[in-house]
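Chemist: Could you have a look at this structure, given as structure tokens, before my questions?
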Amino acid sequence: MKQALSLFGLASIFAAVAFGQDQTNKETIINLPTIKCSMCVKTVKKAVGTIDGIVETTIDLDKKTATVKFDPVKLTVADIEKAIAASGYDANESKRNADAYSKLPNCCQ
Ligand SMILES: [Cu+2]
1 MKQALSLFGL ASIFAAVAFG QDQTNKETII NLPTIKCSMC VKTVKKAVGT IDGIVETTID
61 LDKKTATVKF DPVKLTVADI EKAIAASGYD ANESKRNADA YSKLPNCCQ
């Protein structure tokens, strides 16, 4: 009985910590007007994934948007846009890096 109680206590602490973290994270939707196929999705996801402070990235190819959950203490939306632009894709008002774009697979240009 005692063990069951402490286990419940531990679970509550974990839940509180997880909830607390979720509250400090921010979510933003970034427009990706130039993505075309699943390769583009992969490239952008990889580019965003290398930044410290990214919690989760979901890319919708139909809507051409990325929903990014991030830690606002570590980075800003501009940092995320910059990383995407550097990988060869427009991100909101940030224009893609021409060099990176020219190196993308043919299906992505
Ligand atoms: Cu592509």
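Using our numbering, the first residue of the sequence shown is number 1, and each one after it goes up by one.
Where is the CB? At the ideal position from N, CA and C, for every residue including glycine.
Bear in mind that the values here come from a model prediction, so they are computed numbers and not experimental data.
1. Under 6 angstroms Cβ to Cβ from I29, same chain only, skipping five residues before and after it: list those, please.
2. Determine the DSSP secondary structure at N31, reduced to helix, strand or coil.
3. For I54, which residues from the same chain have a beta carbon less than 7 angstroms from its beta carbon, with the 5 sequence-adjacent residues on both sides left out?
4. Quick check on K69: does DSSP put it in helix, strand or coil?
5. With distance defined between alpha-carbon atoms, name the residue in S102, L32, P72 and S94 nearest to T24.
6. Rounding to the nearest angstrom, what Cα-Cα distance links C113 and K63 in this structure?
7. Under 8 angstroms by Cβ, that's how I've got N97 and A86 pegged, so tell me the actual separation to the nearest angstrom.
8. Of all the options D52, E27, T50 and V44, which has the alpha carbon lying nearest to the alpha carbon of I59?
9. Quick check: does the Cβ of K36 come within less than 8 angstroms of any heavy atom belonging to ligand 1?
Modeler: Per the coordinate set shown:
1. Taking the first residue of the sequence shown as position 1, residue 29 is located at position 29. The answer, listed in chain order, is T65 and T67.
2. Reading the sequence shown from its first residue, position 31 is the one you call residue 31. Residue state, collapsed to three classes: strand.
3. The residue you call residue 54 lines up with position 54 of the sequence shown. So the qualifying residues of the chain are V48, V68 and F70.
4. The residue given as residue 69 occupies position 69 in the sequence shown. Strand at K69.
5. Translated into the one-based positions of the sequence shown, residue 24 becomes position 24. For T24, the nearest C-alpha among the options comes from P72.
6. The structure shown does not extend to residue 113, since the chain is modelled only from 1 through 109, so no value can be given for it.
7. Counted from its first residue, the sequence shown places residue 97 at position 97. Counted from its first residue, the sequence shown places residue 86 at position 86. About 5 angstroms; that satisfies the 8 angstroms criterion.
8. On the sequence shown, position 59 is the one that residue 59 refers to. Residue V44 is the option with its Cα nearest to I59.
9. The sequence position of residue 36 within the sequence shown is 36, counting from 1. Yes, ligand 1 has a heavy atom inside 8 angstroms of this Cβ.
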